[in-house]
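So the sequences go chain by chain: A and B.
End of the first sequence = 780 in our numbering, gap-free, step of one.
End of the second sequence = 824 in our numbering, gap-free, step of one.
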Amino acid sequence: MIRYFKNKNIVVGLIFLSLILILMIAGLVALPYDPNAIDIAHKLKGASRAHLLGTDHLGRDILSRLMVGSRISLSIGFWVVLLGSLIGIPLGAVAGYFGGKIDELMMKIIDTLMSFPGILIALMLIAVFDVSLKIIIVALALISLPKFARISRSGFVKYRESAFVLSTKARGAGNIRIMIHHILPHIVPSLMVTASLTFATAVISEAGLSYLGLGIQPPTPSFGKMVSDAQPYIFQNPTYVLIPTLAITVLVLGFNLIGDGIQEVQEREGQNE
Amino acid sequence: MNKVLEIDNFTLSFKIKDKEVKAVNDISLYVEKGEVVGLVGESGCGKSLTALSIVNLQPSNSKIVDGQIEINGEDVLSYSREMWNDKRGKDFSIIFQEPMSALDPLVKIGNQIKESIVAHADESINSVDLKSRIMDMLRAVELRNPELVYDSYPHQLSGGMRQRVLIALSLINNPCLLVADEPTTALDVTVQSQILKILKQMNEELSLSVLFISHDLGVVKNFCERIYVMYAGLIVESGISSDLIENPIHPYTKGLIDSIPSIKKRGKTLSTIKGNVPTLERRSGMGCPFASRCYLAKPVCYVKKLEEQRVGSRSLFCHLINLEEELERIKSDAKN
């Protein structure tokens, strides 16, 4: 475990991530203002003692909106990773471990799912079911599912014929036991890389959808929604657009760095073996 | 006679380019209770396939064409998957060639052994009993620091230690049969003899039957009571160990014995058997598979089906040599 914390990428990634987490937790403990309270008299103000990060075009406190928005962005990432991995990993495990016809069928389905551009699936689902946080999560999970399935499948293919699996079988362990206790732990690091990259992609996708007006609906703030709201006022109050953009960058970069770091540590271990 | 393992006319084939190729061809062998039996042959002879078939772990693209495998009188080929999972590691065990990779690198030794016990236990065992049982077993395979080994990961142990752990693992449930598939091949000579000593000890103390598979006749001759010599999926000769080594009859067995290095042969060129075991695709399935490498070979060898010749404990598959006459000749030679 320690070697993971010695990796620079992981450390920097964790610092970035904790910045956003602190923002979210601070928001849960004490919000400076009601994030949806309109105060036209003080619109588009720069940073001041009253509003640490200034106000938006309706005079709402940007810091408060950012705090609430981080909740939305993080929870979307969390649920997408959870759903995607909970469905994708077992699918890939079964396909990879048993092989043959099951494998072929499952991978055909996964490949079909992969061949659609992700954003198209999201737009389709939103068009059919109307916009809601749940539908966005389901759509993004559907897009991330093939990635988990593929990574998990390749791991199970790699280990199913390995000597220790054979010898565990020869001692009478059943398939389920071998899959969960003897193969899954070996591919956890690769799955962690996928999870952290998927989290980053989910945050970006949500921001993209919200920017297009198809994501989170007003007045609820989210990082992407805030960027799209701020765009027309870029010259009146530059901090307004800069701050949510920066928040997205920090969050996504954080997860990407963690993903890269885990991969680096793994590769180095692979060389040492 | 109390046969723990009995294989009858067992044939295993692979399908290669729409052709059925027999990798294990009509072999019969048995192991009696408390007996150590050797199965010898070059690489690619089908020894390991035979071993894997005994525990039903043969490759998924192979097919059992014919024959029977009985363990303790039970026809194991008719077992269901649940039965296999129940019996493997309890009634019979297998040790593999590669001690370096046969242990799960992410699970501590103690836990791996624990898993084996719990999987086959009828009732739950409390953790103190469990640990003391594991410790006893680790001590029995002469691991010097069992406490330390118990809490180690496989990569922290040496090759010899790992093979000891594997022996402990396969014997923890007191099986009656152990199939040892080249357990000493990956180890150096000194460790090899220690491992053999432990296996012998287990054989005597627990009256464990062992089917010992090796390519090294030198190892097998001192260790096993009877030997089967296998070539290209076929058992070509078998007999009591000392008899077979001193008076080999089949040209292949002779070749194998001549290629064991020894002090007597010092300074001379070590004789070898020319050529290689034919690959699966190149086996015709007719005649004697050894014909192409045999110095006695005649045209008949390539076409005629082999028949077993049997005199007492000795058995031979060869067209050209008459077993009975040959044994008579050996006897009279010994008198002179």
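Glycine included, C-beta positions come from ideal geometry on N, C-alpha and C.
Under 8 Å: do the region 660-667 of chain A and the region 685-697 of chain A share three or more Cβ pairs, one atom per stretch? Three or more beta-carbon pairs drawn from the region 660-667 of chain A and the region 685-697 of chain A are found closer than 8 Å, and the two stretches are therefore classed as touching.
Below 8 Å on the Cβ atoms is my contact criterion, and I expect V492 (chain B) with E530 (chain B) to pass it. Report the Cβ-Cβ distance as a whole number of Å. The beta carbons of V492 (chain B) and E530 (chain B) sit about 27 Å from each other, so the pair does not count as a contact at 8 Å.
Here's a check: name, in chain order, each residue in its chain whose Cβ is nearer than 8 Å to the Cβ of I655 (chain B), leaving out the five neighbours to either side. Answer for I655 (chain B): I583, V629, P671, I683, I686, L687 and M690, listed in chain order.
Could one say the Cβ of A822 (chain B) lies closer than 9 Å to chain A's Cβ atoms, at least one of them? No, A822 (chain B) lies away from the interface with chain A (no Cβ there is under 9 Å from its Cβ).
Rounding to the nearest angstrom, what Cα-Cα distance links T701 (chain A) and M574 (chain A) in this structure? Each residue's CA atom was taken as its position, placing T701 (chain A) and M574 (chain A) some 27 Å apart.
With 16 other CB atoms within 10 Å as the buried threshold, where does N633 (chain B) fall? By the 16-neighbour rule on beta-carbons within 10 angstroms, N633 (chain B) is exposed.
Please list, in chain order, the residues of the region 683-712 of chain A that have any C-beta partner in chain B closer than 8 Å. Result list: R684, H688, H689, P692 and H693.
Identify every residue that forms a DSSP beta bridge with A668 (chain B). A668 (chain B) pairs with B:I583 and B:F700.
Tell whether a beta-carbon distance below 9 Å holds between F762 (chain A) and L704 (chain A). Less than 9 Å separates the beta-carbon of F762 (chain A) from that of L704 (chain A).
Per DSSP, which one or two residues make a beta bridge with E520 (chain B)? For E520 (chain B), which the question treats as bridged, DSSP gives the partners B:K491.
Against S674 (chain A), what residues of chain B qualify as contacts under a CB-to-CB distance less than 7 Å, listed in chain order? Within chain B, the residues near S674 (chain A) are F584 and A590.
So the candidates are A:Y747, A:S582, A:T756 and A:A709; which of them puts its Cα closest to the Cα of L551 (chain A)? Measuring from the Cα of L551 (chain A), the nearest candidate turns out to be A:Y747.
Roughly how many whole angstroms lie between the Cα atoms of I809 (chain B) and L675 (chain B)? Approximately 38 Å between the Cα atoms of the pair.
Taking Cβ to Cβ, would you say I723 (chain B) is nearer than 9 Å to S516 (chain B)? Contact flag set, yes.
Note down, in chain order, every chain A residue with its Cβ under 7 Å from the Cβ of G577 (chain B). Going along chain A in sequence order, the residues near G577 (chain B) (Cβ under 7 Å) are A677, R678 and G679.
Contact list for A670 (chain A) against chain B, beta-carbon separation under 7 Å: Close partners of A670 (chain A) in chain B (Cβ separation under 7 Å): F584, E586, S589 and A590.
Using a Cβ-Cβ cut-off of less than 9 Å, list which residues of the region 789-823 of chain B approach chain A; keep chain order. Those residues of the region 789-823 of chain B placed with their C-beta closer than 9 Å to a C-beta in chain A do not exist.
Neighbour-count burial assignment, K602 (chain B), 16 or more Cβ in a 10 Å radius: By the 10 Å Cβ count, K602 (chain B) comes out buried.
Using a Cβ-Cβ cut-off of less than 9 Å, give me the residues of the region 642-655 of chain B that come near chain A, in sequence order. Listed by position, the residues of the region 642-655 of chain B near chain A (Cβ gap below 9 Å) are P642, H643 and L654.
Out of A:A557, A:S717 and A:T756, which one is the CA nearest neighbour of V638 (chain A)? When only C-alpha atoms are compared, the closest one is A:S717.
Quick one: residues in its chain with C-beta nearer than 6 Å to the C-beta of V553 (chain B), no 5 flanking neighbours on either side, listed in chain order? Closer than 6 Å at the Cβ level, and outside the excluded window around V553 (chain B), lie T499 and S501.
For a contact defined as C-beta to C-beta under 9 Å, what are the partners of A477 (chain B) on chain A? This structure does not reach residue 477 (chain B), given that chain B is present from 489 up to 824, and the question cannot be answered.
Could you check if N599 (chain B) belongs to the surroundings of the ligand ZN, using beta carbon to heavy atom distance under 8 Å? Among the ligands in the structure shown, none appear at all, so the ligand ZN cannot be discussed.
Nearest to G720 (chain A) by CA position, among A:A707, A:F706 and A:Q738, is which residue? Checking every option, the nearest Cα to that of G720 (chain A) belongs to A:Q738.
Do I769 (chain A) and Y604 (chain A) have their C-beta atoms within less than 9 Å of each other? The Cβ atoms of I769 (chain A) and Y604 (chain A) do not sit closer than 9 Å to each other.
So D546 (chain A) is in the beta strand (DSSP E); what residue range does that whole segment cover? Run containing D546 (chain A): none; DSSP gives neither H nor E here.
Please report whether the beta-carbon of G606 (chain A) lies at a distance below 9 Å from any beta-carbon of chain B. It does: the Cβ of G606 (chain A) has a partner Cβ on chain B nearer than 9 Å.
What first and last residue would you give for the alpha helix (DSSP H) that runs through K685 (chain B)? Its alpha helix (DSSP H) spans residues V677 to E693.
Between the beta-carbon of L559 (chain A) and the beta-carbon of P539 (chain A), is there less than 9 Å? Less than 9 Å divides the Cβ of L559 (chain A) from the Cβ of P539 (chain A).
Establish whether the CB of D574 (chain B) and some CB of chain A are separated by less than 9 Å. Yes, because at least one Cβ of chain A sits closer than 9 Å to the Cβ of D574 (chain B).
Would you say L666 (chain B) faces chain A, with C-beta separation under 9 Å as the test? So no, L666 (chain B) is outside the interface.
Do three or more CB pairs link the region 522-536 of chain B to the region 558-567 of chain B at distances below 8 Å? The region 522-536 of chain B vs the region 558-567 of chain B: no contact.
Rounded separation between N543 (chain A) and Q724 (chain A) - CA only: Taking the straight line joining both Cα atoms gives about 13 Å.
Start and end residues, beta strand (DSSP E) containing D554 (chain B): D554 (chain B): member of the beta strand (DSSP E) spanning S550 to I559, first to last residue.
Specify the secondary structure class of E508 (chain B) as computed by DSSP and reduced to three states. E508 (chain B): strand per DSSP, three-state reduction.
Taking the alpha helix (DSSP H) that Y740 (chain B) falls in, what are its first and last residues? Segment P739 to D746, the alpha helix (DSSP H) holding Y740 (chain B).
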